[in-house]
Amino acid sequence: MKYSNKAVLAAAIAAASTQAMANGLALNEQSASSAGSAYAGRASTAANASTLFGNPAGMSRLERAEVSGGLAFIDASTDISDAEGQLAPGLPVSGTNDGDMVPFSTIPFGYYVTPISDKLHAGIGVYAPFGVESDYENGWQGRYEGVTSMVQVVTIQPTVSYAFNDRVSVGFGPTINHISGELTSNVPAAAFNPALAAMSDADVEIEGDDIAYGYNLGVLFGITDRLDWGLTYHSKVDYSLEGDTTISGTPAPVAPAIDGKYDAELDITMPESVDTSFSFQATDALALYAGATFTRWSRLEGIEVENSGVNAMFQSSFGTITEELEWEDTWSFAVGGAYQLNPKWVIRAGYAFDESPTNDQHRTVRIPVSDRDIYTLGAGWNVSDDLTLDAAYAYIDEEKGEVNQDTYSADFENSAHGLALQATYRF
C-alpha cells in the first residue's frame, strides 16, 4: 500500500517545493534588481525597498519613501530519460515520460519603505518565499509517486530598521506566512488486492493550509567608504497543515470501505537560512558583489502524516504515514557586479552555484532537483529621479540526477529561463 503513502506524504514534502532561482524548497524571486547579479550582493546592498527581504537593515540606506514591486516569470523544462516503472518484480508499469510537467509560472512581489526619522525606517513587504506548480501528463509512468503538485506560500513582513550611525544599522521583521496546497497521485488497483491488477487506478487528492509565523533580521556594516558587509537571518517556520485527503475511483469491491474524504494533519518545519555578502565599490562606476547562503535542510529528517477516520482494513496504509527524507544542509555561492554606464543606465551580471539538498538515493519525482549553475544578466533604467525600472534574465542549468522510488526510476535533467521585472517609485 506504500503507493498511497507516497501521495499523502507529498503534502509535507511540497509544503514549499521546487523553485526557480534557489534549490531545495525555496524561491528566490523577490527582486529584479538583485536577480541581475545572481543575488550575490543581496545582504549588503540596498538598491531599493526590496532590501526589506534581502536585508531589512538596508532600509536605513533609503533616503526617501518608496514603493517597489514587480513580477518574475519562470519557464522551466525537464528531460526524462532511462525511465522504468514496476509495481513488483515481473509487474511493469506502462506510461509516458513527456517531462513537460512545470507550467509557465508568475511570481509577484511588492514592498513599501518610509523614513520615520534620520535613524528609524519602517516598511512592509509581500512576497512568495516558497512554492511549487507541477503537473505530469495523464497516464505518465511515475504516476504512483506523484502527478500534480500545487503549493503557494505568501508572506507578509512588517519591518523596522535602525541606524546607529552612518556605518552600522540593524533591521527586524516578523513574518506572517500562509500556505495552501493541492497534490494528487494515482494508486494502482493491485495495491488493494493483487487480483484486481487489471482494473483502473484510484486517485488520491490532498488539500490543506495553515498560517505560521517567523522572522527575518539583518545587520549591515559600512566597513569602509567602498566596502559593505551584510548578514541576514531567515528564521525557521513551523507549519501544522490541516485539510482533507480524498480517495476516489478505487476498484468496486473495495470502494465502499475506502473511498471518501478524511481529515488530514501534518507538521513540518521549514529550515532557517543565513545569507551573507560583501559589496565593493571598485570604481565610481563598477560595483562588485560576492555572497553565500547556508540553509539548514537537515531539519527535514522525516515526516509524519495523520489521517483520521480511516477504515481499520486500510489503517496501515492511510492512517499514520512516516518516512525518512535524509536531506542535507546546503551552501550556495554567488558572484556578480554592476556597471553604471551613465546616470540613467546600470547593467548587471552574475553567476551562482546552488547545491541540492537531496541525492540520487532520495530524490523524488515531485522535487527532482540537482546541483545547479545559474547565469544572470540585468539592467536598471532611471527614468527620472523618482522612477526606476529594473529587469533581469536568468538561465538555470541543472546536473542530471537520478530518481529511484518504489515504483519508478528515471534520469531527470532540468533547466529554466527566468525573467524578472520591477518598478520603484520614490516620493
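Letter by letter, the sequence shown follows residues -22 to -1, 1 to 405 of mature numbering (1 follows the signal peptide of the UniProt record, and there is no 0).
Where a beta carbon is used, it is the ideal one built from N, C-alpha and C, also for glycine.
* Paired residues, beta bridge with T402 - DSSP -> Under DSSP, the beta-bridge partners assigned to T402 are S46, T366.
* To do: Measure the alpha-carbon distance for N310 versus R39 and round it to whole angstroms.
  => For clarity, residue 310 is Ser in the given sequence; the question names Asn instead. Distance between the alpha carbons of S310 and R39: 26 angstroms.
* **Close Cβ partners of A16 (< 7 angstroms) along its chain, the five nearest in sequence each way excluded** => Cβ within range, chain order: A312, G314, G328, Y329, A330, I352, T354.
* Tell whether a beta-carbon distance below 8 angstroms holds between T56 and V80. => Cβ atoms of T56 and V80: closer than 8 angstroms.
* Range of the contiguous beta strand (DSSP E) that encloses S310 -> Where S310 is concerned, the enclosing beta strand (DSSP E) starts and stops at 308 to 318.
* To do: Under 6 angstroms Cβ to Cβ from S218, same chain only, skipping five residues before and after it: list those, please.
  => Taken in chain order, the residues that qualify are D188, D245.
* Does the stretch 103 to 114 come close enough to the stretch 80 to 93 to have 3 or more Cβ pairs within less than 8 angstroms? -> These segments touch.
* **P93 in three-state terms, based on DSSP** => Residue state for P93 is assigned as strand, using DSSP reduced to three classes.
* Cα separation between E391 and K378? -> Roughly 4 angstroms separates the two Cα atoms.
* Tell me the start and end of each unbroken beta strand (DSSP E) in the stretch 189 to 245 that is at least 3 residues and wholly inside, in chain order. => If we require 3 residues or more, the beta strand (DSSP E) runs fully inside the stretch 189 to 245 come out as 205 to 212, 215 to 226.
* Asked: Thinking C-alpha only, which one of P321, F296, E220 is nearest L264?
  -> A check of alpha carbon separations from L264 across P321, F296, E220 identifies P321 as the nearest.
* Nearest-angstrom Cβ-Cβ length linking V91 and L161, presumed shorter than 8 angstroms -> In this structure V91 is not in contact with L161, their Cβ atoms being roughly 36 angstroms apart against a cut-off of 8 angstroms.
* What is the DSSP secondary structure of M248, counted as helix, strand or coil? -> Here M248 sits in strand by DSSP.
* Are the beta-carbon atoms of G151 and Q400 separated by less than 8 angstroms? -> No; because the gap between Cβ atoms is not below 8 angstroms, this pair is not in contact.
* To do: Please determine, among S95, Y373, E115, T402, the residue with the shortest C-alpha to C-alpha distance to D53.
  => It is Y373 whose Cα lies nearest to the Cα of D53.
* Please go through the same chain and pick out, in chain order, the residues whose beta-carbon is closer than 6 angstroms to the beta-carbon of residue 421, but skip the five residues on each side of it. => The shown model of the chain, from -22 to 405, leaves out residue 421, and the question about it has no answer.
* **Inter-residue Cα distance where the pair is S295 and P335** => Straight-line Cα distance between these residues: approximately 28 angstroms.
* If we ignore side chains and look at the alpha-carbon of each, how far apart do G396 and A10 end up? -> Going from the Cα of G396 to the Cα of A10 covers about 10 angstroms.
* **Entirely enclosed alpha helix (DSSP H) segments - the stretch 316 to 351, minimum 4 residues** => With a minimum length of 4 residues, no continuous alpha helix (DSSP H) run stays inside the stretch 316 to 351.
* Which residue from G269, A242, S362 puts its Cα closest to that of T23? -> Closest by C-alpha distance to T23, out of G269, A242, S362, is G269.
* To do: Below 8 angstroms on the Cβ atoms is my guess for T153 versus G192; work out the distance and round it to an integer in Å.
  => Sure, about 5 angstroms apart at Cβ, within 8 angstroms.
* C-alpha gap between residue 437 and T308, whole angstroms -> Outside the displayed span of the chain (-22 to 405) sits residue 437, for which this structure offers no information.
* To do: Give me the Cβ distance between V131 and P107, rounded to the nearest whole Å; I'm assuming they're in contact under 8 angstroms.
  => Confirmed, about 6 angstroms.
* **Whether L174 touches A180 by CB criterion (8 angstroms)** => No, Cβ-Cβ distance for L174 and A180 is not below 8 angstroms.
* **CA nearest to the CA of G238, picked from A230, P231, T224, P249** => Closest in C-alpha terms to G238, from the list A230, P231, T224, P249, comes T224.
* **Run of the beta strand (DSSP E) containing Q130, from where it starts to where it stops** => In this chain, the beta strand (DSSP E) harbouring Q130 covers 126 to 141.
* **Q259 - partner residues in DSSP beta bridges** => Bridge partners of Q259: A265.
* Classification of F405 by the beta-carbon crowding that lies within 10 angstroms, buried from 16 upward -> Here F405 is exposed: its Cβ has fewer than 16 other Cβ atoms, across all protein chains shown, within 10 Å.
* Candidates S139, F272, T261: closest to D332 by CA position -> Residue F272 is the option with its Cα nearest to D332.
* To do: Just mark M291 as buried or exposed, buried being the case when its beta carbon has 16 or more other beta carbons within 10 Å.
  => Exposed, because fewer than 16 other Cβ atoms sit within 10 Å of the Cβ of M291.
* To do: Rounded to whole angstroms, what's the CA-CA distance from residue 476 to T402? Just pull it up for me.
  => Residue 476 cannot be examined here, being either before or after the span of the chain that is shown, -22 to 405.
* Asked: Taking the C-alpha atoms as reference points, what is the distance between N116 and L365?
  -> Here the C-alpha atom of N116 lies approximately 47 angstroms from the C-alpha atom of L365.
* To do: Spatial neighbours of G297 within its chain, please: CB distance less than 7 angstroms, with the 5 preceding and 5 following residues excluded, ordered by chain position.
  => Exclusion of the five residues before and after G297 leaves N285, V288 as the residues of its chain whose Cβ lies within less than 7 angstroms of its Cβ.
* Grab me the residues of Y211's own chain with a C-beta within less than 6 angstroms of its C-beta, minus the 5 sequence neighbours each way, in chain order. => Sequence-distant Cβ neighbours of Y211 in its own chain, meaning closer than 6 angstroms and more than five residues away, are L195, V252.
* To do: Find out if the Cβ-Cβ distance for the pair D216, F256 is shorter than 8 angstroms.
  => Going by beta carbons, D216 and F256 fall outside the 8 angstroms limit.
* Backbone CA spacing between A(-9) and P249 [nearest angstrom] -> Its pLDDT being 41, under 50, A(-9) is placed unreliably by the model, and the measurement read from it follows with that caveat. Going by the C-alpha atoms only, they are around 14 angstroms apart.
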